[in-house]
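Student: Note that the working numbering numbers the sequence shown so that position 140 is 731, with each residue one more than the last.
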Amino acid sequence: MSDLYVAGKEEQKKIDDLELDLPAQKGRFSSVNVFPSGVRFETQEEGENIVLLLRMHWVTNIPWIFLSIIFLLAPLVLSSFPIISFLPWRFQIMSLIIWYLLVTAFIFERFLVWFFNVYIITDQRIVDVDFYNLLYKEVSDAQLEKIQDVTYKMGGVVRILFDFGDVFIQTAGTEPNFDFLAVANPSRVVSVLEKLRERKKGKGVP
């Protein structure tokens, strides 16, 4: 994304301390945020720091953006085919307004789903926020010490070209397994998780 920045001294120190193999990025609409400032989630505990805030790679938005453009241009194309010309002009205008309101709602809904579906990695746990609509979301989390295995998968020309893939996290016991889908730099995300787990173990966490 274009909305990137060079990390400040404090954030760069955190990155260096953890030896994170990730570029220092941050931005309101970025798909990768490293130590984001001014960001909190509902169940965040005192002293818990967000290390990574991830969204699906921006490339995954291209299909619905392309479809939205087609929807926006459709009335101009269909004007050559008088489908609703039999209606009074007031009804034709109203139909056009309703159409563009529906298209706007579609664009807004798709953007919200992308923006609020986030994967969070803190220095204590992982959090998966599944945002379905304004009325319903699902939040799952697991402590770092519960993580048993972390793998990633990339496949296809587009994913390899833009360097994004799926990260699969297997947890112990009754904890749910986590799928971080279509995230950027999946190999580095796995590396960050492994380093955080090692750091936890080094502090004497069983």
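The beta-carbon is built from N, C-alpha and C at its ideal position, and this holds for glycine as well.
For Ala696, count neighbouring Cβ atoms within 10 angstroms of its own Cβ and tell me buried if that reaches 16, exposed if not.
Tutor: Answer is exposed; the Cβ neighbour count stays below 16.
Student: Indicate whether the contact test is met: 3 or more Cβ pairs, each with one atom in the segment 679-695 and one in the segment 712-723, closer than 8 Å.
Tutor: With a cut-off of 8 Å, the segment 712-723 and the segment 679-695 do not count as touching, because too few Cβ pairs lie within range.
Student: Hey, Phe771 and Pro777: beta-carbon distance below 9 Å or not?
Tutor: Cβ distance < 9 Å, so Phe771 and Pro777 count as in contact.
Student: Report yes if the CB atom of His648 is closer than 9 Å to the CB atom of Ala775, and no otherwise.
Tutor: In this structure, Ala775 lies closer than 9 Å to His648 by Cβ.
Student: What's the C-alpha gap between Pro797 and Ile653?
Tutor: Unreliable positioning characterises Pro797 in this predicted model, as indicated by a pLDDT of 45, which lies under 50. The coordinate reading is nonetheless provided below. Cα to Cα, the separation comes out at about 44 Å.
Student: Taking its Cβ as the centre, do 16 or more other Cβ atoms sit within 10 Å of Tyr727, making it buried, or is it exposed?
Tutor: Burial call: exposed.
Student: When DSSP labels each residue in this structure, what does Leu726 get in the three-state scheme?
Tutor: Here Leu726 sits in coil by DSSP.
Student: Looking at Phe626 and Phe706, is the spacing between their C-beta atoms short of 9 Å?
Tutor: It is not a contact, given that the beta carbons lie outside the stated cut-off.
Student: Quick check for students: name the residue ranges of the beta strand (DSSP E) that lie wholly in the segment 700-751, counting only runs of 3 or more.
Tutor: List check, beta strand (DSSP E) in window: 709-713, 716-724, 727-734 and 738-744.
Student: What's the gap between the Cα of Glu766 and the Cα of Leu787?
Tutor: For Glu766 and Leu787, the distance between alpha carbons rounds to 19 Å.
Student: Output the distance between the C-alpha atoms of Ser622 and Ile660, rounded to the nearest integer angstrom.
Tutor: One C-alpha to the other measures close to 22 Å.
Student: Rounded C-beta distance between Phe755 and Val630? I'm assuming under 8 Å.
Tutor: About 21 Å separates the two Cβ atoms, so there is no contact after all.
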